[in-house]
């Protein structure tokens, strides 16, 4: 590290390569020549007593001068350097946890220590995107045993911060997604918090769906709160609805999710570890998991739901969480909105007890909030659900929601996107089938969740009778390009809604 | 595509990101804003009637001006554009073959058509490195069925060129590596070609080993020959030893290998498909596969060798190849050199019948060449091996090798690397165990195969009696940095050679 021949002057090359650290070095620089570095070589970059692993991109032009090394945005941030600082470069030694990963490819079970070393290396930025993709792939499908999922979960919890609470009972809930518009969380938190129980809800952003709870909530109130701010909000209101990623509760999960997103792929083992590690790190003691089951939801059969339930329960026990599973109907979208702002509008309608509020969203929220009240042990079976309904219908939940939003930084009411397109029925009949996957993809092509106002307003639930020319759903987008791509997709992916 | 708002002027940004197409666009360019593109978005870049899929890196500095788009080296080449050309950008539509890949993660078997669409997309550059890593990972270990390996093999053959020969019998051979220094091919080709049989040998470069046959051969003669040149050499001499990658026989394989290399990982299914697709595309009808078995070789047990043999034979039959497996001793390095040039020196010593020539390399080459002669049907069992020995020991093989090298562009005799370090025995005793993996890694850290003269000269075979201070092996390197890293590795990875 003290060898002057291995030093470079930092240039902020201003390239955003997302999570991966990239270093840009001239092809004819001494280090490349003497060390034999080539494109994609993984190197260690040192500054003061810090170091990062970076992937080398070789430069053949004058965007970098001699004795200069360009760093990507992520690399500058991680290494905490500014232009003009002197960095030094060395070979990357063998990353031991990668041999564990390779072993797993040959069906060698990973133990707790293996996961610990893999997750530590991932959080420290030592894995390239290629290596992250390989890790995700070997964890995909049903490739992880219960013991492995528990090992992964524990490693993920240990990789980040943990929130400590004074109360003995801390509630939390999670929905195994795949059901467009299923935005019950803000309603549930408002009900449960009003009932006097503690529910510090950290939610995620969308992975492969058009909106996560954090995305939808963000159209109504700030969600990027620090742990201190969360404690203040919860101390005052018993509950919050914030983005979990902002508090680094399970930083490994956030890195993995970014590559999963790019692969547009989920994995059962990773999902369970992701969910339970975030709950545990957030300090939860009692967790409710909602599993919607339907032909085109994420969980398509009750057998798969059973297997998931079994895995969730086993792993929860292994890491010391009380857990209850509620299997719900996943045959069609919940509410009308698909996309952050459009889903938020449904939430507000239910909280405000508006006549037009989607009934299925309301009933689902009452069922889940009631189950949580009962899981806490404070309410007997059956009583919790009655209680939840009373809190919602009396307007107390709406009051609590407003208070939580104010406490998080202020309530705003979301608007519609600039552009819209009505999709009309081409025939008379009854809606017999809805392809949730295609609906979700359509909302994503229209811009959700990146453009929070974009998405779909869905008006054709199952069994609805429709006339020719009646609006089945409306596509909302912020740009012409996105609207066109969405409509393009629709043309070649019929039917999204089957009318018979 | 004709929308002027989606066009950019090409800038050759001079960045080599290896195989992946990268486009660099300003964060504040109209296209990024209107289309909602972010870092790592996959976009389609159009020029004339060509298009490529590229990964977006977002630029926050002035290395790119307004209305400009920077392309990586690979992207410039693939799109065949020069600076100042006008390109247009559009959204990437859904890549259908990726859903097949995701299905496989959930244990859905892939059929011939699935592999065809995946391999076509890979060859057309539509997969990002992340997606390639996912594909390799789901094909890893023993995750592919026989039918799947055959489907993958056929898709790989169809993805590239195929060499046609007039002769009815075309011989080929392959060694399932993992054994340092096992460089029999140049000797075998010389023997078989002298015997009047056709053996147009296309070899690969190292994937995870310190040298591939093409790497070693290249230190003695040019190996980047076109199909026309190969036909000329083989027409004249009956045989050749060239790099398969130069003739694009199985281009999908070359792309996959580059990511496998980066992952430092092999997969049984991919390996069988890679080997057999290259043999078949090269026009081979009869193929001999050498499987060395040893504790630290790639194949560690005779059970695994049996399973590999079974898979090779089944898939070969499915695609219409005659195939013979020879299981050989893989307990220790063959010859003395580990690394391209050092292995070439062993080959030359055997061909020239020098007294110092490594006996195990010679005997192995005779066994395999003889088996090939017998597999061809021209020689009865037992006769082929006798014949092979006669051709080698009489100097006819050496003459044939010189003729082949001349025909390929001229013979050169390789030299030693600039720097060397002798590793001495610290005790008296007998060599009882050799860790081939560690030896291979050491040779790689010393620079092999990138620096063709680097590697290891190995002098301590099993059962050898050694004195204290006697040289066990010599590390050769071209740069101080590489030599130091190799020696560093050795310090923390003892013992490579066990003396008792």
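Residue numbers (my numbering), protein chains in the order written: chain A, 2 to 501; chain B, 2 to 501.
Note that the Cβ used here is the ideal one computed from N, Cα and C, for glycine as well.
Under a criterion of Cβ atoms nearer than 9 Å, no residue of chain A is adjacent to residue 112/B; the nearest Cβ is some 18 Å distant.
Using a Cβ-Cβ cut-off of 8 Å, residue 337/A does not count as an interface residue toward chain B, since no Cβ of chain B sits closer than that to its own. Taking C-alpha positions only, residue 494/A is separated from residue 473/A by approximately 16 Å. Nearest C-alpha to residue 254/B among 222/B, 268/B and 41/B: 268/B. When rounded, the separation of the alpha-carbon atoms in residue 428/B and residue 435/B is 16 Å.
DSSP places residue 431/B in the strand class (E or B) of the three-state scheme. Residue nearest to residue 316/A within the set 293/A, 339/A, 331/A and 272/A is 272/A (criterion: CA-CA distance).
With a threshold of 8 Å between beta carbons, residue 22/B makes no contact with chain A. Taking a beta-carbon distance threshold of 8 Å, residue 16/B counts as an interface residue toward chain A. When the five nearest sequence neighbours on each side are left out, the beta carbons in the same chain lying within less than 6 Å of the beta carbon of residue 91/A are those of 45, in order along the chain. Listed along the chain, the chain B residues whose CB falls inside 7 Å of the CB of residue 107/A are 142. Here DSSP, grouped into helix, strand and coil, assigns residue 196/A to coil. By the C-beta criterion, the segment 55-67 of chain A is judged to be in contact with the segment 19-28 of chain A, since at least 3 inter-stretch pairs fall below 8 Å. For residue 214/B, the uninterrupted alpha helix (DSSP H) run begins and ends at 214-219, by DSSP.
Setting aside the 5 residues that flank it on each side, residue 206/B is surrounded in the same chain by 213, 215, 216, 244, 246 and 450, each with a C-beta closer than 8 Å to its C-beta; the list follows chain order. With a threshold of 16 other beta carbon atoms within 10 Å, residue 130/B meets it and is buried. Of all alpha-carbon atoms in 197/B, 211/B, 20/B and 155/B, the one lying nearest the alpha-carbon of residue 370/B is that of 197/B. Cβ neighbours of residue 161/B within its own chain (closer than 7 Å, five residues either side excluded): 249, 250, 251, 252 and 282.
Assignment of residue 477/B by DSSP, reduced to helix, strand and coil, places it in the strand class. Take the alpha-carbon of residue 107/B and the one of residue 333/A: they are about 23 Å apart. Boundaries for residue 252/A: no beta strand (DSSP E) harbours it, while the alpha helix (DSSP H) harbouring it runs 252-264, taken from the DSSP string. Between the segment 223-235 of chain B and the segment 349-366 of chain B, the count of Cβ pairs shorter than 8 Å is below three; the stretches do not touch.
With respect to residue 425/B, residue 471/B sits close: the two C-beta atoms are nearer than 8 Å. The Cβ neighbour count for residue 68/A, taken over all protein chains shown within 10 Å, is under 16; the residue is labelled exposed.
A residue is called buried when at least 16 other Cβ atoms come within 10 angstroms of its Cβ; residue 175/B meets this threshold and is buried. Secondary-structure assignment with DSSP links residue 47/B through a beta bridge to 52/B and 89/B. Taken through DSSP and simplified to helix, strand or coil, residue 153/B comes out as helix. Collapsing the DSSP output to three states places residue 270/A in a helix. The segment 300-316 of chain B and the segment 342-350 of chain B do not touch, with fewer than 3 CB-CB distances between them shorter than 8 Å. For residue 195/B, the closest C-alpha among the options 461/B, 392/B and 224/B is that of 392/B. In its chain, beyond the 5 residues on either side, 65, 69, 70, 71 and 84 have a beta carbon closer than 7 Å to the beta carbon of residue 12/B.
Leaving aside the five residues that flank residue 135/B on each side, the residues in its chain whose CB is nearer than 7 Å to its CB run, in chain order, 102.
DSSP places residue 244/A in the strand class (E or B) of the three-state scheme.
Between residue 7/B and residue 89/B, the beta carbon gap of about 5 Å places them in contact (Cβ cut-off 8 Å). Annotated three-state conformation of residue 239/B is coil, per DSSP. Within the segment 52-124 of chain B, the runs of alpha helix (DSSP H) that reach at least 4 residues and sit entirely inside it are, in chain order, 74-80, 97-106 and 113-124.
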